[in-house]
Amino acid sequence: MPRIVVLTGAGLSAESGLGTFRDVGGLWSQYDLNEVATPEGFARDPVRVHEFYNMRRANCRAAAPNAAHIALAKATEQLGDALMLVTQNVDDLHERAGAQNVIHMHGRLDGALCHHCDHRWPAPLVMQADDPCPACQVAATRPDVVWFGEMPHEMETITSAIAGADMFVAIGTSGTVYPAAGFVDIAQDHGVESVEINLDPTSGRFDRILQGKATETVPAFVRTLLNS
Ligand code: OAD
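Heads up, the sequence shown is in our numbering, so the first residue is 70 and it goes up one at a time.
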């Protein structure tokens, strides 16, 4: 059972040049999430949805991990099973910084999923609506990301880890999207210390708040953690 569960959100990758969703100018001010991030939107216009994720995949490929990703990767290496790293981010910047065993609860941009037979495979940089599934050959290719209305991955593993941990840390997430937004309540209910690291404090439900840019606050937090 991990001692610390860390949850990351779009704010962690903001300084790598990947936009957040809800900050000024964020993705959800440019795109209608009902059109590009729901199964219904995909059924209506798969070409448009693929274009949205192709654009995000290209942006991700062009981005590099920042000091916060690198600090967290060091923490996973040094703490091993004592730390569980969970991300809502669909980018691969944790992995490219060297982090081990990251749980991508909202899926991954670099994954493809067949919605006919559930086969998964590595996504090419550009995916198209009529790409055939390599397993069943049906043209039912979608990005392997979790859309609104779908169940995030590994919920049981994550929630029981938080309930049994000593500390829950949420970094760069607005805490508006459930079920991840409810993780702090699980921590509170089980007497687990909760820490928020964010540019602007969010819900006030955390025991401790470290305010600032992730590239500054996260390396400092990890240094303290590894020295304690
Ligand atoms: P949001 O865009 O909702 O929130 C980003 C958070 O990061 C905000 O609280 C910002 O204050 C903070 N932030 C911005 N820049 C920062 C920086 N440099 N350092 C530290 N914090 C910073 O993104 P998420 O909470 O990750 O889901 O969004 C959650 C989910 O909503 C996403 O996974 C996605 C989205 O819709 C799906 O698409 C299913």
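Quick reminder that beta carbons are idealized off the backbone N, C-alpha and C, glycines included. Model, not experiment: these values are computed from the prediction.
Cβ-based burial, residue i [other Cβ within 10 Å; buried from 16]
i	result
Gly244	buried
Gly110	buried
Asn135	buried
Tyr247	exposed
Arg125	buried
Arg277	exposed
Met224	exposed
His259	exposed
Cys129	buried
Ser82	buried
Asp213	buried
Gly273	exposed
Beta strand (DSSP E) segment containing residue i, residue limits
i	result
Phe217	Segment: none, Phe217 is in no beta strand (DSSP E) and carries neither H nor E.
Asn267	262-267
For residue j and residue i, the rounded distance between their alpha carbons
i	j	result
Ala112	Ala198	10 Å
Pro201	Met220	25 Å
Arg165	Ala133	8 Å
His175	Phe217	10 Å
Thr145	Ile73	10 Å
Ala208	Glu104	20 Å
Met70	Glu262	16 Å
His173	Thr293	26 Å
His188	His222	16 Å
Thr107	Arg211	12 Å
Leu102	Pro115	14 Å
Ala204	Val215	21 Å
Ala36	Gln157	Residue numbering for the chain in the displayed model covers 70 to 297; residue 36 lies beyond these limits and cannot be assessed.
Pro193	Val159	15 Å
Simplified DSSP state of residue i, which is helix, strand or coil
i	result
Phe275	coil
Ser82	helix
Ser297	coil
Val287	helix
Arg91	coil
Ala239	strand
Thr228	helix
Val195	coil
Pro108	helix
Thr245	coil
Gln99	helix
Gln280	strand
Range of the contiguous alpha helix (DSSP H) that encloses residue i
i	result
Thr77	Note, Thr77: premise wrong, no alpha helix (DSSP H); beta strand (DSSP E) at 73-77.
Met124	115-131
Asn135	From DSSP, Asn135 is part of no alpha helix (DSSP H); its letter is neither H nor E.
Asp44	Shown here, the chain extends from 70 to 297; a query on residue 44 therefore has no answer.
Val253	252-258
Requested in this report: Identify every run of the alpha helix (DSSP H) within the region 149-182, keeping only runs that are complete inside it and at least 4 residues long; order them along the chain.
Outcome: As far as the region 149-182 is concerned, its whole alpha helix (DSSP H) runs of at least 4 residues are 162-165.
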